[in-house]
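Numbering (UniProt numbering), first residue to last: 1 to 199.
Have a look at the structure below, then the notes.
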Amino acid sequence: MRSTRIVLTALLATWAIGLSPAAASVAPESPEPPPGPSAFTLSSSAFANGGVMPKVHECTSGGGNDPAKRNESPPLAWSGAPAAARSYAIVMRDLDNANLIHWVIYDIPASTTSLPQNVQHVYQPPVPAGARQVYYRGSASLWGYQGPCSPSTVNTYEFVVHALNRESLTNLDANSSTRTAARAISSASIGSARITGES
């Protein structure tokens, strides 16, 4: 009888240990899911998203002869673009002036992830090599970037970088308008990122 009680006691002790928190804690944990793709983002070292754009990026055709205004395009950088991107394009608009297009640069190589400040005002700037710009006709006439020109109001300017599904927009040339170029870019876009600046 005594030996039976000893056996039962041992069995109960073993069962209790199996139910204890310490025993449960050794169960293998489920593996964490792999991280998802990073978001496609655009930024500028010259101003924060929604912040004030420095005067150096404002147009020189608005009068006033302010030496701080140099009509230099801002530095831009992007990351997290779709893996299928074969080139990039950037479109700048004045959101408070009927979405007026101020800048179009396209055929930016897929290996490029940033633009320096003051991209040259030519059809095919040396940096980034291979890119092309549209001729701006408005408050000024020039290749490429035309900075903010709103002396009596504060307007919001939007910069959008598009990842494109082709290496070159061969349907565009030196005679293409900003609107034609913007439509071609939208048609080839497989993803975009944007920032805004006030001026």
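Ideal Cβ placement from N, Cα and C applies to all residues, glycine included.
Just so we're clear, the structure is a prediction, and the values are computed from it rather than from any experiment.
Measure from the alpha carbon of residue i to the alpha carbon of each residue in the options, then state which is nearest.
i: I190; options: Y106, S73, D173 and A85; result: A85
i: A131; options: V104, T153 and G147; result: V104
i: Y135; options: S61, H102 and C59; result: H102
i: T178; options: N65, N165 and L100; result: L100
i: D96; options: N175, T153 and R166; result: T153
i: N118; options: A184, P54, S38 and S186; result: P54
i: S186; options: Y88, G197, P151 and P116; result: Y88
i: R166; options: F40, P109 and V56; result: P109
i: F40; options: S114, G80, K69 and A68; result: G80
Identify, in the order they occur along the chain, each residue of the same chain with its Cβ nearer than 7 angstroms to the Cβ of residue i, setting aside the five sequence neighbours on each side.
i: L42; result: L76, W78, F159, V161, A193, R194 and I195
Here's a check: name, in chain order, each residue in its chain whose Cβ is nearer than 6 angstroms to the Cβ of residue i, leaving out the five neighbours to either side.
i: T112; result: P128
i: N71; result: C59, T60 and G147
i: S168; result: D107
i: L115; result: L76
For residue i versus residue j, is the C-beta spacing smaller than 8 angstroms?
i: P125; j: Q133; result: yes
i: S199; j: V91; result: no
i: A163; j: P82; result: yes
i: N155; j: D66; result: no
i: A188; j: Y123; result: no
i: A184; j: N171; result: yes
Return yes when the C-beta of residue i is under 7 angstroms from any heavy atom of the ligand GTP, and no when it is not.
i: T60; result: Among the components modelled here there is no ligand, and therefore nothing to report on the ligand GTP.
Contact between the segment 39 to 49 and the segment 128 to 148 (3+ Cβ pairs under 8 angstroms): No, they do not touch.
Could I get the ranges of all uninterrupted alpha helix (DSSP H) runs contained in the segment 133 to 162, with 4 residues as the minimum, in chain order? none
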